[in-house]
Structures are given as C-alpha cells and as structure tokens.
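In our numbering, the protein residues as written are 710 to 905.
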C-alpha cells in the first residue's frame with residue numbers, strides 16, 4: 710500500500726538537507742520519525758554529510774538525540790494515549806501485524822526487540838509505541854534507544870563521510886542482506902554476553 714504523501718515528504722527532506730537550518734530540521738525529523746513520521750532521517754543525513762564530511766559526528770549525534778526524544782514521545786503515546794493517538798498511527802501505516810508481532814516478541818526477548826528495531830529497517834516507531842503499551846521499564850528503554858540509535862546514526866554518518874553517496878546506494882540496493890548480517894551480529898553478541 711502506497712501512502713500518497715510519502716513521495717512528497719521524501720522530496721521535502723532532500724531539499725531540507727541543503728537548507729541553512731538543516732541541523733535543526735534534522736533534529737525535528739528525528740524526533741518525529743521515532744514516533745509518527747514514516748521516512749527515516751538518513752534521507753537527510755546522507756546529503757548533509759556528503760556536502761560537509763567533517764561534520765559527520767555532529768550529524769550522527771543530532772539524529773540520535775532527536776531519535777531518543779522521539780522514542781520517549783512514542784513510549785508515552787503507547788503508554789497513555791493508545792486509543793487517542795497510537796491506534797491512528799497504527800492504522801495510517803498499516804502496522805497491525807507489526808504491533809501484534811512486537812507484543813509476542815517482547816514477551817520472549819524484552820529489550821532486545823527494541824534494540825533490533827532501533828538498528829534495522831523494522832519500524833522504530835512501532836517499537837517505541839509498543840514499548841509503552843507493554844510497560845517496558847523506562848530506564849532500560851531509554852538506554853537501549855540511546856545505544857542502538859547512536860550506533861545506527863553514527864555508523865550511517867561515518868559511512869556517508871568516508872565513502873559518500875555511491876556506497877550508500879550499494880548498501881540500499883542490498884539492504885535485506887545487510888540487515889540479515891547486522892541482525893546475526895547483534896543477536897550473536899547479545900547471546901555471547903548472556904552466556905558469559
């Protein structure tokens with residue numbers, strides 16, 4: 710299902726990346742993406758960093774800070790505004806199956822599900838809203854969001870600075886493969902830590 714405004718929103722984000730106030734706009738987009746907005750902030754991050762590679766870490770930190778604050782907003786939506794707000798977001802983006810699956814996975818794996826959603830193309834907003842719905846403890850939720858989103862955004866910013874847009878086009882083309890590799894590494898790392 711294609712949502713009509715997605716193409717326009719995508720084009721707007723690309724234009725915003727060249728705006729003099731791009732960092733502030735990126736922060737706002739990062740807040741919104743974690744709770745309600747459908748397009749990932751990487752759409753803005755890549756052209757911003759490609760234009761000025763030296764600012765890669767600032768761009769990564771701005772995106773992470775906005776994403777954590779947006780995650781907290783998503784958590785509050787799931788916790789206290791489910792009927793008033795969360796249901797409409799779930800309906801708008803057709804995330805019914807994702808919501809049910811998140812609840813099921815959370816019962817088995819807890820915060821690990823939030824970490825996986827934070828670094829992969831799984832809808833992060835669904836993880837933040839669902840975390841509030843299942844009453845995940847707030848401090849672990851925020852720590853996981855900070856570490857996992859920080860890893861994702863700093864990695865994207867560094868890749869954009871180091872290799873420029875061509876390498877990101879390659880990664881995007883093989884996104885399923887990179888996601889599978891990332892999940893194996895992430896889950897394997899957590900399992901090793903659990904055994905130790």
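Virtual Cβ for every residue (Gly too), placed ideally from N, Cα, C.
Short Cβ contact (8 Å threshold) for residue 788 with residue 844: yes
Own chain partners of residue 757 with C-beta closer than 6 Å, once the 5 adjacent residues on each side are dropped: 726, 731, 768
Rounded Cβ spacing between residue 740 and residue 786 (contact assumed at less than 8 Å): Residue 740 to residue 786, Cβ: 13 Å. No contact.
Rounded straight-line distance, which links the Cα of residue 826 to that of residue 884: Its pLDDT being 48, under 50, residue 884 is placed unreliably in this model, and the coordinates cannot settle the point.
Closest by C-alpha distance to residue 835, when choosing among 815, 733, 848: The residue among 815, 733, 848 with its C-alpha nearest the C-alpha of residue 835 is 815.
Expected contact under 8 Å - CB spacing of residue 829 and residue 784 to nearest Å: 19 Å between Cβ atoms; not a contact.
Three-way DSSP call (helix, strand, coil) for residue 727 in this model: The three-state secondary structure of residue 727, taken from DSSP, is coil.
Coil, strand or helix - residue 757 by DSSP: In this structure, residue 757 counts as helix in the three-state DSSP scheme.
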